[in-house]
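Colleague:
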Amino acid sequence: MFRKVLIANRGEIAVRIIRACREMGIRTAAVYSEADRDAMHVRLADEAVCIGPASPKDSYLRMEQIIGTALALKAEAIHPGFGFLSENAEFARMCGQYGIQFVGPSPELIDKMGNKSEAKRTMKAAGIPVVPGTDFPVYEEEEALAKAKEIGFPIMIKASAGGGGKGMRLAWEEQEFPAKFREAQQEAENAFADHAMYLERYIQFPRHIEVQIMADRQGNVIHLGERDCSIQRRHQKMIEESPCAFITGETRRKLWETALKASHAVGYENAGTLEFLLDQSGEFFFMEMNTRIQVEHPVSELVSGVDLIREQLRVAAGLPLSVKQEDIRFRGHAVECRINAEEPLHNFMPCPGMIKKMHLPGGNGIRMDTAIYPGYQIPPYYDSMIVKVIAYDSDRDGAVRKMISTLGELEIEGVATNRDFLYDVVNHPDFKSGRFHTGFIEENYPM
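Just so you know, we're using the UniProt record's numbering here: the sequence shown kicks off at 1 and counts up by one.
(1) Does the stretch 61–76 come close enough to the stretch 238–257 that 3 or more CB-CB pairs lie under 8 angstroms?
(2) Could you tell me whether the stretch 357–365 touches the stretch 255–264, where touching means 3 or more Cβ pairs closer than 8 angstroms?
(3) If you follow the alpha helix (DSSP H) that Ala-89 is part of, which residue opens it and which one closes it?
(4) At the level of alpha carbons, what is the spacing between Ile-239 and Pro-53?
(5) Go to Cys-21, then tell me how far its alpha helix (DSSP H) extends in each direction, as first and last residue.
(6) Here's a check: name, in chain order, each residue in its chain whose Cβ is nearer than 6 angstroms to the Cβ of Ala-89, leaving out the five neighbours to either side.
(7) Quick one, which of Gly-305, Ile-441 and Asp-369 has its alpha-carbon nearest Arg-16's?
(8) Per DSSP, Val-426 forms a beta bridge with which residues?
(9) Could you check the C-alpha separation between His-264 and Leu-224 for me, to the nearest Å?
(10) From Arg-233 to Tyr-268, what distance separates their C-alpha atoms?
(11) Let me make sure I understand the geometry here. Which of Glu-343, Arg-331, Asn-347 and Gly-375 has the alpha-carbon closest to that of residue 459?
(12) Measuring alpha carbon to alpha carbon, tell me which residue in Ile-293, Lys-237, Ala-215 and Ile-404 is nearest Leu-319.
(13) So, for Thr-244: in the same chain, excluding its five sequence neighbours on each side, which residues have a beta-carbon less than 8 angstroms away from its beta-carbon?
(14) Compare the Cα-Cα distances from Ala-14 to each of Ser-405, Ile-293, Tyr-376 and Met-168 and report the closest residue.
(15) Is Arg-37 helix, strand or coil when you go by DSSP?
(16) Considering only the alpha carbon of each residue, which of Ile-339, Asn-190, Ile-203 and Val-400 lies closest to Lys-237?
(17) What distance in whole Å lies between the Cβ atoms of Tyr-98 and Leu-71, which are believed to be in contact at a cut-off of 8 angstroms?
(18) Output the boundary residues of the beta strand (DSSP E) element that contains Phe-285.
(19) Is it buried or exposed, Lys-57, if we count other Cβ atoms within 10 angstroms and call 16 or more buried?
(20) Excluding the 5 residues flanking Gln-212 on each side, which residues of the same chain have their C-beta closer than 6 angstroms to its C-beta?
(21) Let me check understanding here. Comparing Cα to Cα, which of Gly-219, Phe-246, Arg-19 and Lys-356 lies closest to Asp-46?
(22) Can you list, in chain order, the residues of its chain whose CB lies under 7 angstroms from that of Thr-134, leaving out five sequence neighbours each side?
(23) Here's a check: name, in chain order, each residue in its chain whose Cβ is nearer than 8 angstroms to the Cβ of Tyr-381, leaving out the five neighbours to either side.
(24) Taking the C-alpha atoms as reference points, what is the distance between Phe-2 and Ile-26?
(25) For Gly-133, write down the residues that DSSP places opposite it in a beta bridge.
(26) Among residues of its own chain, excluding the 5 on either side of Ile-157, which ones have a beta-carbon nearer than 7 angstroms to its beta-carbon?
(27) Any idea what DSSP makes of Leu-407, helix, strand or coil?
(28) Would you kindly report the start and end of the unbroken alpha helix (DSSP H) that includes Met-113?
(29) What first and last residue would you give for the beta strand (DSSP E) that runs through Leu-293?
(30) Could you check whether Phe-286 and Met-113 sit closer than 7 angstroms to each other, using their CB atoms as the reference points?
(31) Consult DSSP for Arg-233 and reduce its assignment to one of helix, strand or coil.
(32) Between Ser-384 and the rest of its own chain, which residues show a CB-CB distance below 7 angstroms, the 5 nearest in sequence each way excluded?
(33) Here's the rule: buried if 16 or more other CB atoms are within 10 angstroms of the residue's CB, otherwise exposed. What is Ser-242?
(34) For the candidate residues Phe-284, Glu-288 and Cys-95, whose alpha-carbon lies nearest to that of Glu-275?
(35) Is the stretch 371–381 in contact with the stretch 297–315, if contact means three or more CB pairs nearer than 8 angstroms?
(36) What did DSSP end up calling His-359 once you bin it into helix, strand or coil?
Encoded structure:
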């Protein structure tokens with residue numbers, strides 16, 4: 001096992017990784033920007049090094065600086081968390097060139113599956129159902145429009161190197177396509193330094209279902225069940241849960257089998273997530289694969305009993321998975337709400353500032369993943385998520401009731417948050433009954 005791991009990230013995921021390393025007896029090194037000098041992950045790590053100014057491109061995206069820091073501190077591995085460099089094949093390749101283990105799949109797999117156009121071609125060749133769309137990236141507006149006409153409207157425009165809802169636009173008809181394409185491509189360039197785009201037919205009123213997998217170098221692959229991530233706003237997930245309580249046992253079994261088949265087809269290694277769109281008839285299509293740990297991984301951990309960060313580190317060190325599929329017994333139901341520092345009544349505008357006072361509820365079945373504390377100054381340069389609230393109970397009704405109680409008790413003063421908005425969503429009769437899809441927020445909360 002590694003003696004020291006550098007965490008190339010910030011916020012709650014950096015804290016989550018540091019805690020897992022502590023439990024495994026691994027020393028940790030943190031990197032931070034000037035804006036994060038007082039961040040929780042800096043306080044908790046055994047060592048911490050400032051790598052640049054506040055802007056991500058000058059700090060958390062500086063590959064040479066991060067690798068140089070890892071070498072100077074004699075870290076044997078780098079865990080990228082999610083976002084930033086977590087799906088950057090060049091960064092994973094550079095780690096290998098300098099003898100540092102990247103905690104994630106190989107750069108070749110990131111290229112193959114992280115690039116959405118390549119992933120779709122690979123899945124199609126493996127016999128996995130995919131959403132109709134382009135087989136190769138498109139770069140020029142005219143070419144993209146021609147392809148869109150072939151596929152048929154409405155069209156979803158997506159960044160090939162994207163994730164987290166960035167670089168995505170929906171064009172309902174031909175007339176609005178050019179402007180939407182330019183917007184999405186510019187956002188992709190700003191977020192990922194990559195303007196390659198791909199197109200796919202927009203499936204109306206789908207559920208967004210994903211399957212968490214873990215694979216080691218010995219060829220063992222397991223799944224940790226499925227998650228329902230249908231409650232989204234502008235393609236950004238807001239509430240996730242596991243399992244999906246509204247699919248048949250047969251559909252669930254097929255989703256699991258498809259995810260395992262896809263993972264074996266590419267020789268996958270480490271943590272990954274296969275994302276599917278499920279239409280109203282119950283048919284599902286592969287959408288994309290995230291070649292990293294997900295924000296919503298806690299719900300899978302709670303229902304499966306498997307610590308995904310620990311497994312990631314084991315696999316990266318060359319060890320086999322600590323569990324086999326037959327060892328996993330799925331129990332109960334988990335729901336996660338993402339608390340963001342933002343103003344829902346002002347188009348969810350980010351609301352940085354100082355945390356003056358906070359109360360994070362606890363109790364049986366309640367988990368809080370966060371990096372904030374009283375007196376912490378939330379910087380304006382990064383993602384606005386500040387707390388993940390996870391509620392677990394024996395069934396969905398119990399988990400939802402527990403989430404309602406927890407959100408009602410949660411207090412964060414000094415900045416505006418989306419707590420009240422999420423409280424309203426989980427109390428909505430359609431959410432409670434399961435009558436929702438990816439357009440639920442837009443339909444019920446037009447803003």
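Think of the CB as a built atom: it goes at the ideal place given N, C-alpha and C, for glycine as much as any other residue.
Quick caveat: nothing in here was measured; it's all calculated off a predicted structure.
Modeller: Quick answer:
(1) no
(2) no
(3) For Ala-89, the enclosing alpha helix (DSSP H) starts and ends at 89–97.
(4) 32 angstroms
(5) 11–23
(6) Result list for Ala-89: Pro-107, Ile-110 and Asp-111, in chain order.
(7) Asp-369
(8) DSSP, once it has assigned bridges, lists no residue as partnering Val-426.
(9) Spanning the two alpha carbons is a distance of roughly 15 angstroms.
(10) 30 angstroms
(11) Any answer about residue 459 is impossible in this case: the structure gives the chain only from 1 up to 447.
(12) Ala-215
(13) Residue identity check: residue 244 is Cys in the sequence provided, not Thr. Only Arg-207, Ile-209, Glu-226, Arg-227, Asp-228 and Arg-252 meet the Cβ criterion.
(14) Ile-293
(15) Residue state, collapsed to three classes: coil.
(16) Considering only alpha carbons, the answer is Ile-339.
(17) 6 angstroms
(18) 284–290
(19) exposed
(20) These residues qualify, in order along the chain: Leu-224, Thr-273 and Ser-300.
(21) Of all alpha-carbon atoms in Gly-219, Phe-246, Arg-19 and Lys-356, the one lying nearest the alpha-carbon of Asp-46 is that of Arg-19.
(22) If you ignore the 5 residues before and after Thr-134, its C-beta comes within less than 7 angstroms of the C-beta of Ser-117, Lys-147, Tyr-198 and Leu-199, all in its own chain and listed in chain order.
(23) Excluding positions up to five away in sequence, the list reads Ser-33, Ala-35, Ala-54, Ser-55 and Pro-56.
(24) 7 angstroms
(25) For Gly-133, which the question treats as bridged, DSSP gives the partners Glu-200.
(26) Met-168, Arg-169, Ala-171, Lys-180, Phe-181, Ala-184, Met-197 and Leu-199
(27) helix
(28) Note, Met-113: premise wrong, no alpha helix (DSSP H); not H, not E.
(29) Contrary to the premise, residue 293 reads as Ile rather than Leu in this sequence. First-last for Ile-293: undefined, no H or E at that position.
(30) no
(31) strand
(32) Asn-340, Ala-341, Glu-342 and Pro-350
(33) buried
(34) Glu-288
(35) no
(36) strand
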